[in-house]
Ligand code: ATP
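In the working numbering, the protein residues as written are 160 to 591.
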């Protein structure tokens, strides 16, 4: 399996991920996503949205503000409960999460550690021109609360009946004590969250159903079965709102770790927001004539965590004539570029023809163009960023108006007439 240093250097060299504010020496826990990274992230979000919202008849979307009325966090319990236990080394002054250090010894210098103190990981800011306690607000540490406070709005406007869900993708912020392991633990990241509202009593069944569906999503996008497993989170490790949590775990180079959490949040959040806001956040069940607070099943995934896991899962090295061939076997739907257009040589009129072909492809799929160095080198460069199809324009193209499509995984080449190129690519993507 690829180690994080190798992956980090590939990501930086090829424009997937850069350290945040790098010219100023970086900024711990913040990352910038380059031309390829932005595409991969977008594809992950799009696949999630397509599966969770577009293809279902019982889920609608939402895009709520990042900064919410601070009473939200009082009601949700985050002001009190969203804490990590922090310990500090008495010698080197480094800080750690208490649950990440063993035997009260500093992992860095071996010095003794302080007593643990509670540290709220929500970022604070001020809203308005006065920096007073009354103006304190928080950057949301999860997107879920934007959904709960809009439960009534969405229920009324969408006229959905239970069971139904509200989905949201957006930024979340956590002032993590120890960010690290590349992007695994960042301070700014994106969540893809679904709050699925169900009738109390049906929650356990729906919980299992969502665990299965989420696992199937990763598998369908190419995650190897041996890289995924489920972990039932024991009661003492669960969040304050959760009756049951299953984590989908991924085999990272540093060990198994959470990729996504699926929680049964019960009626905790809607009840609390109902109490604190004074709004009635209930549901009237026309079939039974009952009014109740729905239960909520929440699959909560991270865009950057998935990004990292998909890259690790896809990375392969294999020996070839020139040494080592690095291939990212990303699912074609996730690959930043679907197609690379490559003229066999830089000579005219090949380049002109290749540019025509690229112009033909561009409106249909995300694509790139490369005419520098040997064709073998260029295939390697595309393999390394996961491009599933390379389209080569050669001298014969000028005579037969056909090009070659080379498949990243089989390395087989097929000749296709230019007028049929777009549909040939479409067919391949649809079949993937
Ligand atoms: P941990 O206990 O590791 O801090 P958590 O259990 O608090 O994480 P959740 O609140 O369940 O995490 O968050 C849901 C999802 O959001 C996670 O599965 C992960 O994909 C993503 N996520 C959470 N925190 C981070 C982070 N600091 N950086 C990147 N992604 C994150």
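Heads up, the beta-carbon is just placed ideally off N, CA and C, and yes, glycines get one too.
{"query": "Under the three-state DSSP convention, the category residue 560 falls into", "result": "coil"}
{"query": "Whole-angstrom distance between residue 272 and residue 257, CA atom to CA atom", "result": "9 angstroms"}
{"query": "Which residues DSSP lists as bridging residue 327, in chain order", "result": "221 and 352"}
{"query": "Same chain, Cβ closer than 6 angstroms to residue 184, five either side skipped, listed in chain order", "result": "none"}
{"query": "Identity of the residue in 260, 329, 294 and 252 nearest residue 631 by Cα", "result": "There is simply no residue 631 to check, as the chain begins at 160 and stops at 591 in what is shown."}
{"query": "Helix, strand or coil at residue 432 according to DSSP, with G and I counted as helix", "result": "helix"}
{"query": "Any C-beta of chain B under 9 angstroms from that of residue 527", "result": "No chain B is present in this structure, which holds just one protein chain."}
{"query": "Inter-residue CB distance, residue 371 and residue 456 (contact presumed, cutoff 8 angstroms)", "result": "So it is not a contact: roughly 12 angstroms between Cβ atoms."}
{"query": "Assigned exposure category for residue 520 - 16 Cβ within 10 Å defines buried", "result": "buried"}
{"query": "Under 9 angstroms between C-beta atoms of residue 516 and residue 483", "result": "no"}
{"query": "For residue 526: DSSP bridge partner residues", "result": "498"}
{"query": "Under 9 angstroms between C-beta atoms of residue 199 and residue 411", "result": "no"}
{"query": "Span of the beta strand (DSSP E) around residue 425", "result": "414–425"}
{"query": "Uninterrupted alpha helix (DSSP H) stretches inside the region 160–203 (no shorter than 4 residues)", "result": "163–173"}
{"query": "Residue 349 classed as buried or exposed, judged by whether at least 16 other C-beta atoms fall within 10 angstroms", "result": "buried"}
{"query": "Simplified DSSP assignment, three categories, for residue 480", "result": "coil"}
{"query": "As assigned by DSSP and simplified to three states, the class of residue 400", "result": "coil"}
{"query": "Own chain residues within Cβ distance below 6 angstroms of residue 170, not counting five before or after", "result": "176"}
{"query": "Ligand 1 heavy atom lying under 8 angstroms from the CB of residue 350", "result": "yes"}
{"query": "Inter-stretch contact at 8 angstroms, needing at least 3 Cβ pairs: the region 424–434 / the region 227–241", "result": "yes"}
{"query": "Short Cβ contact (9 angstroms threshold) for residue 333 with residue 366", "result": "no"}
{"query": "Assigned secondary structure, residue 534 (DSSP; H/G/I helix, E/B strand, else coil)", "result": "helix"}
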